[in-house]
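*Asks:*
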Amino acid sequence: MSEIILVPRDKSGLQVSTRYADVAGQVNLKAWYRHYDLQCGCIPEGVMMHIRHRQDTDLFYLADNPTSERHSESCDLHTVRATVSSEELQLLKPVVEFHPYKERNRSERNSSTNHSVSKRPIMSGLEKLFATLITNSFTNYQFGRYQNLPDFMNKVINSEKNKAIGTPWGKTLTELCYYGPKGLEYAQSAVKRLDQTHNQIPASLWFNYAPAGTTHTGTSVTVREQQFTATKVQVPHKASGPFLMVCTISKQQSDNQFRDILLVPIVSKDYIFAVHSDIEREILQAFLPKLFRMNSHAEFTYYLNKPAWPVIDNGAVYWPNWLLHRKSKSDRKKSFKVISDDNVDVLADIYGVEVIHMSSLLAAGEVTW
Ligand SMILES: [Zn+2]
Numbered sequence: 302m303s304e305i306i307l308v309p310r311d312k313s314g315l316q317v318s319t320r321y322a323d324v325a326g327q328v329n330l331k332a333w334y335r336h337y338d339l340q341c342g343c344i345p346e347g348v349m350m351h352i353r354h355r356q357d358t359d360l361f362y363l364a365d366n367p368t369s370e371r372h373s374e375s376c377d378l379h380t381v382r383a384t385v386s387s388e389e390l391q392l393l394k395p396v397v398e399f400h401p402y403k404e405r406n407r408s409e410r411n412s413s414t415n416h417s418v419s420k421r422p423i424m425s426g427l428e429k430l431f432a433t434l435i436t437n438s439f440t441n442y443q444f445g446r447y448q449n450l451p452d453f454m455n456k457v458i459n460s461e462k463n464k465a466i467g468t469p470w471g472k473t474l475t476e477l478c479y480y481g482p483k484g485l486e487y488a489q490s491a492v493k494r495l496d497q498t499h500n501q502i503p504a505s506l507w508f509n510y511a512p513a514g515t516t517h518t519g520t521s522v523t524v525r526e527q528q529f530t531a532t533k534v535q536v537p538h539k540a541s542g543p544f545l546m547v548c549t550i551s552k553q554q555s556d557n558q559f560r561d562i563l564l565v566p567i568v569s570k571d572y573i574f575a576v577h578s579d580i581e582r583e584i585l586q587a588f589l590p591k592l593f594r595m596n597s598h599a600e601f602t603y604y605l606n607k608p609a610w611p612v613i614d615n616g617a618v619y620w621p622n623w624l625l626h627r628k629s630k631s632d633r634k635k636s637f638k639v640i641s642d643d644n645v646d647v648l649a650d651i652y653g654v655e656v657i658h659m660s661s662l663l664a665a666g667e668v669t670w
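According to the working numbering, the sequence shown is numbered sequentially starting from 302.
Take a look at the structure:
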């Protein structure tokens with residue numbers, strides 16, 4: 302049985318270890334609620350957890366912090382976590398076997414009980430693949446520095462975790478990633494050289510910048526008068542361009558046809574960084590230069606994280622706009638705040654930190670801590 306450590310939230314108390322049986326009891330969980338977080342020792346780096354309270358049943362229960370690692374499979378708390386990220390590995394096995402919207406029915410039923418839940422909480426296979434690539438390469442973090450398409454792709458392709466992702470055709474996934482106007486030809490010729498194995502139709506990935514003014518239908522995308530067609534065009538977030546186009550090229554398709562195109566709305570050509578709405582883009586266009594200036598100050602480094610995966614809690618889906626992190630340059634201590642325009646109380650409980658409103662990022666002066 303792994304050791305579980307009680308970590309006081311105010312940092313003044315001592316960390317003490319406890320037994321697994323104690324964390325299962327309502328009396329203890331109630332007493333510790335909002336005062337302690339818990340750390341499971343089933344993996345070397347530990348899994349941070351917090352206590353949540355269900356108002357309808359008045360029950361207290363443990364939940365993994367969304368930013369923590371997963372419990373080891375042998376840990377008794379392994380099944381506690383309820384986020385979609387546990388599925389990311391499954392999708393990587395058959396890299397191009399996408400099953401878009403497979404979970405829709407289940408998720409829609411769950412979300413129907415909660416009005417504040419996003420109407421489209423489900424991620425398609427290609428979205429999950431993209432989320433995995435950006436999570437592994439930390440390209441969903443921003444320090445206020447420019448990040449154009451080559452910068453972005455270099456990070457994605459050179460990430461050690463991404464390099465370790467295999468495909469059924471002997472190449473690694475990153476060996477099948479191409480980008481920019483010239484990359485299209487390479488992506489097309491690469492896929493032709495791959496042999497089909499076990500009914501897995503070979504595929505490669507092509508990433509391209511699509512500026513504002515890009516239009517799309519269910520099966521085509523028009524970028525500067527150039528038309529790209531696909532079996533399916535996915536636009537998961539309601540926002541206009543610019544976009545990062547993520548295209549899968551299948552060996553079965555003809556030269557000008559893609560299997561899937563995912564349009565990820567981004568801040569701009571200079572900031573390849575995902576946004577989920579036009580308002581988010583507007584705020585980041587103003588905030589990212591400000592973030593850059595904040596980071597020129599001596600004492601702290603600030604960075605913004607767009608969570609690549611939503612958090613599912615009690616069957617409801619939450620996707621905060623951003624996490625704003627702060628790290629001390631002297632003692633390297635880290636803390637963060639959640640930035641959201643919705644579900645403030647629930648997010649405060651899930652993350653165990655202060656939730657600030659999206660608009661306060663633009664308030665005059667510095668972000669207060
Ligand atoms: Zn554990």
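Even for Gly, the Cβ is constructed at its ideal location relative to N, Cα and C.
Within 10 Å of its beta-carbon, does residue 572 have 16 or more other beta-carbons around it, so buried, or fewer, so exposed?
*Replies:* Burial call: buried.
*Asks:* Could you check the C-alpha separation between residue 349 and residue 637 for me, to the nearest Å?
*Replies:* 15 Å
*Asks:* Below 7 Å CB to CB, which residues in the same chain sit around residue 544 once its five sequence neighbours on both sides are set aside?
*Replies:* 511, 515, 564, 565, 566 and 567
*Asks:* Identify, in the order they occur along the chain, each residue of the same chain with its Cβ nearer than 6 Å to the Cβ of residue 533, setting aside the five sequence neighbours on each side.
*Replies:* 561
*Asks:* Nearest-angstrom Cα distance between residue 508 and residue 579?
*Replies:* Using only the alpha carbons, I get a separation of about 21 Å.
*Asks:* Is the beta carbon of residue 658 within less than 7 Å of some heavy atom of ligand 3?
*Replies:* Judged by which ligands are present, ligand 3 is missing from the structure shown, whose ligands are ligand 1.
*Asks:* Take residue 650 and list the residues in its own chain whose beta-carbon comes closer than 7 Å to its own, dropping the five residues that flank it on each side.
*Replies:* Contacts found: 353.
*Asks:* Grouping DSSP H, G and I as helix and E and B as strand, with all else coil, what is residue 437?
*Replies:* helix
*Asks:* Any heavy atom of ligand 1 closer than 7 Å to the CB of residue 373?
*Replies:* Residue 373 Cβ: within cutoff of ligand 1.
*Asks:* What would DSSP say about residue 554, mapped onto helix, strand or coil?
*Replies:* coil
*Asks:* My guess is that residue 305 and residue 339 are in contact by the Cβ rule of under 8 Å, so how many angstroms apart are they, rounded?
*Replies:* 6 Å
*Asks:* Please check the pair residue 505 and residue 550, which I expect to be a contact at CB under 8 Å, by giving their CB distance rounded to whole angstroms.
*Replies:* 5 Å
*Asks:* Secondary structure at residue 575, three-state DSSP: helix, strand or coil?
*Replies:* Strand at residue 575.
*Asks:* Could you give the DSSP three-state label for residue 620: helix, strand or coil?
*Replies:* coil
*Asks:* Classify residue 429 as buried or exposed, calling it buried when 16 or more other Cβ atoms lie within 10 Å of its own Cβ.
*Replies:* buried
*Asks:* Does ligand 1 have even one heavy atom less than 7 Å from the beta-carbon of residue 378?
*Replies:* yes
*Asks:* Hey, how far is the Cα of residue 655 from the Cα of residue 472?
*Replies:* 44 Å
*Asks:* From residue 653 to residue 361, what distance separates their C-alpha atoms?
*Replies:* 15 Å
*Asks:* Can you name the residues that DSSP bridges to residue 584?
*Replies:* Answer by DSSP bridge pairing: none, since residue 584 is not bridged.
*Asks:* Would you give the residue range spanned by the beta strand (DSSP E) that residue 528 belongs to?
*Replies:* 527 to 535
*Asks:* Which residues bound the beta strand (DSSP E) around residue 510?
*Replies:* 504 to 511
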